[in-house]
Structures are given as structure tokens and as C-alpha cells.
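Novice: Below you will find the structure I want to go over with you.
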Amino acid sequence: MSSSARSSARRNRAASDSSEADDSTGRSGPKAYHRSRSGCFTCRLRRKKCDETRPFCKNCSTHALKCVYRSPQWWATNEQRRSQRERIKGRIRQTKVMEKNSSLQEYMDKIKALCEESPGASGFDISHAMLPEPNPFATPAQGPYQGSAAIPGALIGLPIEPKPELPALAAPIISFDLNIGSDQQMFLNNNPLQTNLALSGFSTTNPAIPTPPLASNEFFANNYGPLQPFNPINPQGGFAYPNKSLSTCLQTMMPVDEKDRHLLEHFLDNFMLLIFPIVDVHQAGPARIREVFGLMQNNRAYFHCCLSVGAIHLKSSLGMEDQMDHDIMQHRYDAMSQLCRLLSKRSGYMQVIDATLSLILFHCSLGEPDDYLPDVPWTSHFQGVAHLVKKLNCAPSQFNVTLIAWIDIIAATMAGATPYFSHTYRTKHLSGHTSGLQQLMGCDDRVMYLISEITCLESLRLEGLVDDMAILSHVSALTGQLDWTEPADPRLEVPFTSSGAVVPEKLTKIITALYRIAARLYLYSLLPSVDYNDPAITTWLATMIEILKYIPAGSSGFDRCLVWPLFIAGAFASPSSNFRKVLTERVVALGYLGKLGSFGKMYRVLKEVWRESGGPVPPTGEEEDSHDAAADPNFPINTSGLIITWQLEDPSQEPEQLNQPEVLPMVRQVHWRDVMKRNKWNFLLM
1 MSSSARSSAR
11 RNRAASDSSE
21 ADDSTGRSGP
31 KAYHRSRSGC
41 FTCRLRRKKC
51 DETRPFCKNC
61 STHALKCVYR
71 SPQWWATNEQ
81 RRSQRERIKG
91 RIRQTKVMEK
101 NSSLQEYMDK
111 IKALCEESPG
121 ASGFDISHAM
131 LPEPNPFATP
141 AQGPYQGSAA
151 IPGALIGLPI
161 EPKPELPALA
171 APIISFDLNI
181 GSDQQMFLNN
191 NPLQTNLALS
201 GFSTTNPAIP
211 TPPLASNEFF
221 ANNYGPLQPF
231 NPINPQGGFA
241 YPNKSLSTCL
251 QTMMPVDEKD
261 RHLLEHFLDN
271 FMLLIFPIVD
281 VHQAGPARIR
291 EVFGLMQNNR
301 AYFHCCLSVG
311 AIHLKSSLGM
321 EDQMDHDIMQ
331 HRYDAMSQLC
341 RLLSKRSGYM
351 QVIDATLSLI
361 LFHCSLGEPD
371 DYLPDVPWTS
381 HFQGVAHLVK
391 KLNCAPSQFN
401 VTLIAWIDII
411 AATMAGATPY
421 FSHTYRTKHL
431 SGHTSGLQQL
441 MGCDDRVMYL
451 ISEITCLESL
461 RLEGLVDDMA
471 ILSHVSALTG
481 QLDWTEPADP
491 RLEVPFTSSG
501 AVVPEKLTKI
511 ITALYRIAAR
521 LYLYSLLPSV
531 DYNDPAITTW
541 LATMIEILKY
551 IPAGSSGFDR
561 CLVWPLFIAG
571 AFASPSSNFR
581 KVLTERVVAL
591 GYLGKLGSFG
601 KMYRVLKEVW
611 RESGGPVPPT
621 GEEEDSHDAA
631 ADPNFPINTS
641 GLIITWQLED
651 PSQEPEQLNQ
661 PEVLPMVRQV
671 HWRDVMKRNK
681 WNFLLM
């Protein structure tokens with residue numbers, strides 16, 4: 001072969017390889033540096049290669065840039081593209097500076113070192129600062145698994161009488177009694193259920209607790225109607241400063257750089273309305289505002305956290321792309337730097353706790369499901385708080401104690417682990433003391449304590465420290481404990497006056513009822529064999545739908561305070577359940593708020609769970625005829641509750657098919673925790 005022929009063959013072969021490479025990456029054109037026409041718009045603007053990974057390509061992830069695959073606003077004109085290109089250059093420079101200073105990694109390293117240290121002796125008795133009881137955040141000498149594998153049994157075998165000063169909240173009761181026998185099958189309301197367990201010689205019965213009748217459909221229809229919007233910050237009908245914005249009243253008291261003033265004003269005038277809706281209902285006037293403002297004045301880490309959150313909310317509420325990213329990261333970096341200084345000095349632990357709790361809580365209120373900006377995981381934040389509490393030389397504030405308890409219990413359900421302070425909640429439940437949870441997040445403290453116990457049981461089960469027979473015993477006893485929190489009066493009322501003001505007692509009554517149903521669902525999921533089409537689950541979901549009618553959908557309601565119970569209920573909703581449709585409608589009614597914070601993350605996880613379990617999200621048109629047991633007047637829910645009888649089944653025989661109820665079709669049951677792990681979602685849904 002001649003030299004010219006060989007060179008021609010090499011050129012053809014090179015062209016062919018180039019074409020194949022272009023096809024494999026979705027690119028067109030012979031030049032390797034030519035930007036992708038199908039890649040993200042950020043890479044196309046920068047004329048960079050794009051691997052087209054979703055939701056974030058490698059280039060955007062490396063430089064903490066917003067990765068968009070739909071035409072953004074700044075793509076419209078050449079001038080906007082030039083402005084965006086300059087903004088991206090600034091963000092890349094900022095990212096490099098942050099990497100050089102390594103404040104985020106330094107903070108996580110300090111937290112890790114803090115957790116590895118021995119807690120030492122605390123220099124204060126917190127009982128003097130709170131209630132006449134043991135230190136509410138003292139850890140037992142033994143670890144959670146040492147010496148007592150059946151920790152929940154220490155609590156659940158004892159009836160807990162409600163304190164006289166803590167009136168029980170009324171709500172529709174739908175409980176079940178778990179009876180373990182020695183026959184051949186398990187029954188739920190006289191309907192046989194499938195199981196593959198082999199139990200023998202075990203018999204225990206939880207004492208049946210009288211249950212009031214469930215409110216009828218006529219009751220709901222006669223007591224629920226259109227509601228007028230209300231101002232959630234002041235249930236008395238007016239703000240403390242009716243003629244001025246909050247930022248106007250406080251701007252002279254808070255020194256801030258002029259370039260950051262708009263962030264402070266936005267935080268005070270807008271985001272403050274979203275942080276503590278339940279607290280604002282219970283505390284009329286600016287009590288919480290004064291506390292937050294005092295922290296901003298005396299705690300620089302907390303102050304920068306507030307400015308960063310103000311930038312995040314400004315970006316979200318105005319539908320910006322990435323114009324606020326520089327401000328968000330600048331103040332996030334400043335907050336981390338302040339925390340690192342305090343940890344290095346081994347002083348100011350109270351300030352660290354205040355700022356760290358705000359970082360967790362504010363992100364739960366506002367963070368986006370797909371946050372591409374670098375941040376410290378909430379798990380690292382709370383791990384640091386849990387260990388710092390043991391090093392304090394003075395008592396934490398009552399608000400911090402309550403906030404830590406709320407985060408601790410919900411975080412434990414996310415991980416299937418024992419709460420850091422589970423022993424404290426058990427002690428408080430037995431002694432009848434509260435932690436202020438009802439005033440902070442709306443749910444009766446007793447129900448939250450029992451959720452902690454359920455989480456302890458799940459942790460023991462996941463660790464293999466309890467067998468199936470012990471689980472059945474604990475589920476039965478915990479069911480009885482949940483029954484003890486049920487009120488005598490099952491009626492619910494709309495929690496608003498005719499003028500639109502919120503009635504705190506009626507609101508917390510509704511929220512507690514929803515949390516109690518979610519706790520029952522969570523507890524039921526620990527049984528060795530669970531079918532999401534069981535009548536118990538169907539009835540609980542139907543009741544939750546009815547209870548939600550008392551709270552208006554949209555920004556005037558309190559759906560964002562119900563993330564955990566809505567999440568647990570949604571995870572149990574089968575494709576045929578009407579709950580999927582109801583929840584979707586309420587998400588749509590929230591508008592942009594439905595996409596933010598824990599609520600947006602909750603719905604993001606549920607959509608993926610529903611997709612994997614089979615069946616799309618139900619449409620938001622006319623309501624369909626669903627399998628809601630509560631809608632059937634002949635369904636036996638107004639008797640003694642849902643009764644489950646567990647009996648031995650011979651594993652050598654095929655399941656008996658006679659008299660089996662019709663099972664609703666379902667592709668497969670998917671656990672929400674597995675979905676989160678596969679998608680690398682580390683969400684705190686509270």
C-alpha cells in the first residue's frame with residue numbers, strides 16, 4: 001500500500017473514531033472542544049464538555065453551579081448570556097477561595113473530633129433550670145443496646161395516666177388490638193392476613209380500651225366549610241407593629257453592611273413568618289421575634305445563618321436562577337468560619353448550639369430538594385449538638401431543649417436508629433412531664449415520646465436484637481400506650497374563629513390526631529408481615545383524609561407543619577389509595593411553598609416511592625371512587641377498634657385460599673428508606 005493510501009486510511013479511521021465519540025456523548029461536529037447541543041445550558045454557555053448527568057453534570061457539581069437542562073431566562077438574549085457568564089466566573093472564583101480556606105471541611109473535622117472525645121462531667125444541674133426532674137439530656141451509663149435489649153418493654157408495659165394539667169386531646173380513634181394465639185392464621189377485623197411466621201405456645205392479650213365512635217361523614221360535612229385567610233403570625237388579629245414592617249422597626253438596632261441590608265430585611269419581613277407557625281399561634285405578640293433578634297445581635301454565626309437564609313428565600317420566592325448564589329455561599333461560609341473559631345477556642349458552646357440548631361431548622365423550612373450548593377449535612381450538625389450538650393456548663397434554654405427533642409425524635413425515624421436522648425423521653429413520659437413539643441410543633445408530647453419508643457423498637461429489630469415474637473409483644477403493648485393518649489371526646493372542630501383567628505387548642509388537637517395515626521402506621525410497619533392493602537391501613541388513611549379537611553389547603557393552612565405524618569401516610573398509600581390524590585392537591589395548593597423545605601423533599605421522596613411501587617400520582621380532577629373504608633357506613637369502625645389475631649401457620653403447607661378477601665392489585669411494596677438510599681437523599685422530614 002502506498003504512503004498516500006495509508007495516510008488516507010488513517011484520516012478516515014480518525015474521522016470515524018471522532019464520529020463515534022460524538023455520538024456516544026450526544027455531541028455533533030468534528031471538533032472535540034465544540035460545546036454539546038444537548039448538554040446543560042451552563043456548560044453550553046461556558047463552551048465546556050457536558051457529560052449530561054442528571055440532575056447535575058460533573059462540571060456543574062465541581063464548581064457548585066446551577067445545572068439546568070431547560071432553557072433558562074438568561075438564555076433569551078446575548079446580553080443576558082454575557083451577564084450570566086460573568087456571574088458564573090465570579091461563582092467559580094468564590095468556590096476556589098472556599099476550597100482554599102476549607103471552612104466546611106474544617107467544621108466537619110472539628111465535629112468529628114468532638115464526637116470522639118469523652119463527654120466528661122457536666123458542670124450544671126439542668127433540673128434547676130427546667131422541671132423538677134433528672135437532667136433531660138443526660139445519657140444513661142449504658143449504651144442503648146447494653147444490658148437491655150427490650151428497652152421499649154420497660155415503658156410499654158405500664159399504663160400512663162395523663163396529668164390533670166395536661167388535658168387529653170380528642171380525636172377520632174382507630175386503634176387495633178394485637179392478640180397472639182396458637183391457631184393457624186392472623187386476622188384483622190375478621191379478615192385473614194398472610195404471614196410466614198411460625199409461632200407456638202405464646203399467648204398474650206392487651207387489655208381492650210373502650211373507644212368512642214368515629215365521627216360520621218355527616219359530622220364532617222356539617223362542620224367543615226370555606227375558611228377565610230388569616231395572618232399566621234398573630235392569632236389575635238393584628239401584628240404588634242400594624243403600620244410598619246418588622247425590618248423598619250429593628251433596622252436601627254442591627255448593624256449590617258449596606259450590601260446585605262436587603263437580605264436582613266427580607267429575612268425579618270418574610271421568612272420570619274414561616275419559621276415557627278405553631279409557636280406564633282400559642283404566643284401572641286413579638287415574644288419569638290425578640291428571642292430571634294437577640295440571637296442575631298449576640299451571635300455572629302447565627303446572624304450570618306439568617307442572612308444566608310434570607311438570600312435563599314429571596315431567590316426562591318422571586319423565582320431567580322442563581323443570582324443569589326454568591327450571597328448564599330458567602331454568608332454560609334462566614335457562619336461556618338465563626339463556628340470553627342468557637343470550637344477551636346473550646347468556648348461559646350451555647351452560641352454554637354444556637355447557630356447549629358438554626359442551620360438545621362432553617363434548612364428544613366426552606367432548603368430545596370436538589371440543592372447544588374455545597375453545605376454541611378444536617379446529620380453532622382446534630383451530631384455536634386448532641387455531644388456539645390454534654391459539655392455545657394449551664395443549662396440550655398427551654399426552647400433549645402424542645403427543639404433538640406423534636407429534631408432527635410424525627411431524625412431517629414429517618415435513620416431507623418435510637419434517638420440520642422431516648423432515655424430522657426422515656427423518663428419524662430413515665431413521670432408525666434412535657435418538653436414543650438406541643439407548643440413548638442403542635443403534637444402532644446406523649447405521642448412524640450411514643451414515637452421515640454417505636455423508633456427504639458425498630459432499631460432493635462434492625463440490629464437483630466429482638467425476634468419476631470418479641471416484636472409482636474412490643475407492638476401490642478405500644479398500641480395500648482397509643483390508646484392511652486386517645487381522648488374521650490372524638491369530635492374535631494375547625495380551628496378558626498369567624499374573624500380568621502386561630503384557636504390553638506383546636507389546632508393542636510387536629511395535629512395530634514394526625515401524628516397519632518402516623519405513629520400507628522409506623523408501628524404497624526414493624527410487624528413481620530405487612531400488606532399495604534390491609535383494612536387497618538386503608539381505614540387509617542381514610543380517617544387522615546377526613547381530618548385534613550379541617551385544615552384549609554394552601555398557604556393559609558398548616559400543611560407545612562405536617563410533613564412527618566403526611567410522609568408516613570403517603571409511604572403506606574397503595575396505588576388505589578385516594579390519599580395520593582388528596583396529598584397531590586394540597587401540594588399544588590401551596591404553590592412555590594410546596595416545593596421548599598422538608599415539605600418539598602417529602603413529596604419528592606413520595607413521588608419516587610409511588611413510581612417504584614406501581615401506579616402514577618392520581619390526577620387532581622374529580623375524586624374517584626376509592627377503597628376508603630371510612631366512607632362505607634357499614635364498615636365496622638365504630639366498635640372496639642381493628643382487631644388483629646396472630647396465629648401459628650404451618651410453613652410446610654400452602655396458604656389457605658378459602659374465605660380469603662379480595663386483594664387489591666399492587667406491583668410491589670417499596671420501603672421509603674431504600675428509595676432515599678438509592679437516590680442518596682439525606683433528608684430530615686420534619
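Just so it is clear: in the sequence shown, position 500 is 500 by UniProt numbering, and no numbers are missing. A virtual CB, placed ideally from N, CA and C, is assigned to each residue, including glycine.
1) Determine the contact status of I517 and W540, defining contact as a CB-CB distance below 8 Å.
2) In its own chain, which residues sit with a C-beta less than 6 Å from the C-beta of L357, not counting the 5 before and 5 after it?
3) Rounded to whole angstroms, what is the Cα-Cα separation between K66 and Q283?
4) Hey, quick one: how far does the alpha helix (DSSP H) through P72 stretch, first residue to last?
5) Quick check on DSSP: helix, strand or coil for V502?
6) List the whole-angstrom C-beta distance separating A301 from Q351, where the pair is believed to meet the contact cut-off of C-beta under 8 Å.
7) If you run the structure through DSSP and keep just helix, strand and coil, what is F276?
8) Excluding the 5 residues preceding and the 5 following A311 in the sequence, name in chain order all residues of the same chain whose CB lies nearer than 6 Å to its CB.
9) Between K96, R560, N270, which has its C-alpha nearest I278's C-alpha?
10) Am I right that L596 and E258 are in contact with their C-beta atoms under 8 Å? What's the rounded C-beta distance?
11) Alpha carbon to alpha carbon, what distance is there between N400 and E86?
12) Report yes if the C-beta distance between P565 and S613 is below 8 Å; otherwise report no.
13) Measure the Cβ-Cβ separation of C443 and L450 and say whether it is below 8 Å.
14) Could you give the uninterrupted runs of the alpha helix (DSSP H) lying entirely in the segment 305-362, keeping only those of 4 residues or more?
15) Taking the DSSP output, what are the residues bridged to F399?
16) Helix, strand or coil: how does DSSP classify F303 here?
17) Buried or exposed: where does D322 fall if 16 or more other Cβ atoms within 10 Å of its Cβ makes it buried?
18) Under 7 Å Cβ to Cβ from Y420, same chain only, skipping five residues before and after it: list those, please.
19) Do Y425 and S452 have their C-beta atoms within less than 8 Å of each other?
20) At what residues does the alpha helix (DSSP H) containing V605 begin and finish?
21) Can you give me the C-alpha to C-alpha distance between M469 and K581, rounded to a whole angstrom?
22) So M448 is in the alpha helix (DSSP H); what residue range does that whole segment cover?
23) With three or more beta-carbon pairs closer than 8 Å as the criterion, would you say the segment 668-684 touches the segment 366-384?
24) For W672, is the classification buried or exposed, using 16 other Cβ atoms within 10 angstroms of its Cβ as the cut-off for buried?
25) Per the contact definition of three or more C-beta pairs closer than 8 Å, is the segment 472-491 in contact with the segment 537-554?
26) Which residues mark the beginning and the end of the alpha helix (DSSP H) in which P535 is found?
27) On the criterion of 16 or more Cβ atoms from any shown chain inside 10 Å, does S577 qualify as buried, or is it exposed?
28) Check for me: the alpha helix (DSSP H) holding S431 runs from which residue to which?
29) What three-state label does DSSP hand Y558 in the structure shown?
30) In angstroms, rounded to a whole number, what distance separates the CA positions of T413 and F599?
31) Alpha carbon to alpha carbon, how far is T497 from P504? Give it in angstroms, no decimals.
32) From Y532 to F572, what distance separates their C-alpha atoms?
33) Please name the residue, chosen from D445, M272, V281, S476, that lies closest to V292 on a Cα-to-Cα basis.
34) Could you have a look at F683 and say whether DSSP puts it in helix, strand or coil?
35) Taking all protein chains shown into account, do 16 or more other C-beta atoms lie within 10 angstroms of the C-beta of V588, making it buried, or fewer, making it exposed?
Specialist: On the basis of the supplied data:
1) Within the sequence shown, numbered from 1, the residue matching residue 517 stands at position 517. Within the sequence shown, numbered from 1, the residue matching residue 540 stands at position 540. In this structure, W540 lies closer than 8 Å to I517 by Cβ.
2) As a working mapping, residue 357 is identified with position 357 in the sequence shown. So the qualifying residues of the chain are L403.
3) For this step, residue 66 is matched to residue 66 along the sequence shown. For this step, residue 283 is matched to residue 283 along the sequence shown. Spanning the two alpha carbons is a distance of roughly 40 Å.
4) For the purposes of this step, residue 72 is identified with residue 72 of the sequence shown, where counting begins at 1. From DSSP, P72 is part of no alpha helix (DSSP H); its letter is neither H nor E.
5) Taking the sequence shown and counting its residues from 1, the one referred to as residue 502 is at position 502. Looking at V502 - three-state DSSP - the assignment turns out to be strand.
6) If you number the sequence shown from 1, residue 301 lands on position 301. If you number the sequence shown from 1, residue 351 lands on position 351. Going by Cβ atoms, the distance from A301 to Q351 rounds to 7 Å, so yes, they are a contact pair.
7) Position 276 of the sequence shown, counting from 1, holds the residue named residue 276. DSSP places F276 in coil when its eight states are reduced to three.
8) In the sequence shown, residue 311 corresponds to position 311, counting from 1. Contacts found: L263, M324, D327, I328.
9) Stepping through the sequence shown from its first residue, residue 278 is reached at position 278. Put simply, of K96, R560, N270 the residue whose alpha carbon is nearest the alpha carbon of I278 is R560.
10) Working through the sequence shown from its first residue, we reach residue 596 at position 596. Working through the sequence shown from its first residue, we reach residue 258 at position 258. With a Cβ gap of about 28 Å, L596 and E258 do not count as contacting.
11) Walking along the sequence shown from the start, residue 86 turns up at place 86. Walking along the sequence shown from the start, residue 400 turns up at place 400. One C-alpha to the other measures close to 43 Å.
12) Sequence index remark: in the sequence shown, residue 565 carries index 565 (1-based). Sequence index remark: in the sequence shown, residue 613 carries index 613 (1-based). Result no, Cβ atoms of P565 and S613 do not sit closer than 8 Å.
13) Residue mapping note: residue 443 aligns to position 443 of the sequence shown, counting from 1. Residue mapping note: residue 450 aligns to position 450 of the sequence shown, counting from 1. No.
14) Taking only runs of at least 4 residues, the alpha helix (DSSP H) segments lying wholly in the segment 305-362 are 325-345.
15) If you number the sequence shown from 1, residue 399 lands on position 399. Paired residue(s): none; F399 is not in a bridge.
16) For the purposes of this step, residue 303 is taken as the residue at position 303 of the sequence shown. Of the three classes helix, strand and coil, the one that applies to F303 here is helix, per DSSP.
17) In the sequence shown, counting from the first residue as 1, residue 322 sits at position 322. D322 should be labelled buried.
18) On the sequence shown, residue 420 is found 420 positions in, with the first residue counted as 1. Around Y420: A386, D408.
19) Translated into positions along the sequence shown, residue 425 becomes position 425. Translated into positions along the sequence shown, residue 452 becomes position 452. In this structure, S452 lies closer than 8 Å to Y425 by Cβ.
20) Sequence index remark: in the sequence shown, residue 605 carries index 605 (1-based). Looking at the DSSP string, the run of the alpha helix (DSSP H) that includes V605 is 597-613.
21) Counting from one through the sequence shown, the residue named residue 469 turns up at place 469. Counting from one through the sequence shown, the residue named residue 581 turns up at place 581. The alpha-carbon atoms of M469 and K581 are separated by roughly 37 Å.
22) For the purposes of this step, residue 448 is taken as the residue at position 448 of the sequence shown. That run of the alpha helix (DSSP H) goes 445-462.
23) yes
24) By 1-based counting over the sequence shown, the position of residue 672 is 672. Result: buried.
25) no
26) Position 535 of the sequence shown holds residue 535. Where P535 is concerned, the enclosing alpha helix (DSSP H) stretches over 535-548.
27) The count along the sequence shown starts at 1 and reaches residue 577 at position 577. Counting Cβ neighbours within 10 Å, S577 comes out buried, since at least 16 surround it.
28) Position 431 of the sequence shown, counting from 1, holds the residue named residue 431. DSSP places S431 inside the alpha helix (DSSP H), whose first and last residues are 422-431.
29) Here residue 558 is taken as the residue at index 558 of the sequence shown, counted from 1. A quick correction: the sequence has Phe, not Tyr, at residue 558. If DSSP states are grouped into helix, strand and coil, F558 belongs with coil.
30) Here residue 413 corresponds to residue number 413 of the sequence shown, with the count starting at 1. Here residue 599 corresponds to residue number 599 of the sequence shown, with the count starting at 1. It is roughly 16 Å from the alpha-carbon of T413 to the alpha-carbon of F599.
31) Within the sequence shown, numbered from 1, the residue matching residue 504 stands at position 504. Within the sequence shown, numbered from 1, the residue matching residue 497 stands at position 497. Those two C-alpha atoms are separated by around 11 Å.
32) As a working note, residue 532 is residue 532 in the sequence shown. As a working note, residue 572 is residue 572 in the sequence shown. Going by the C-alpha atoms only, they are around 6 Å apart.
33) Stepping through the sequence shown from its first residue, residue 292 is reached at position 292. Among D445, M272, V281, S476, the Cα nearest to that of V292 is on M272.
34) For the purposes of this step, residue 683 is identified with residue 683 of the sequence shown, where counting begins at 1. Three-state result, F683: coil.
35) Start at 1 with the first residue of the sequence shown, and residue 588 comes out as number 588. Exposed, because fewer than 16 other Cβ atoms sit within 10 Å of the Cβ of V588.
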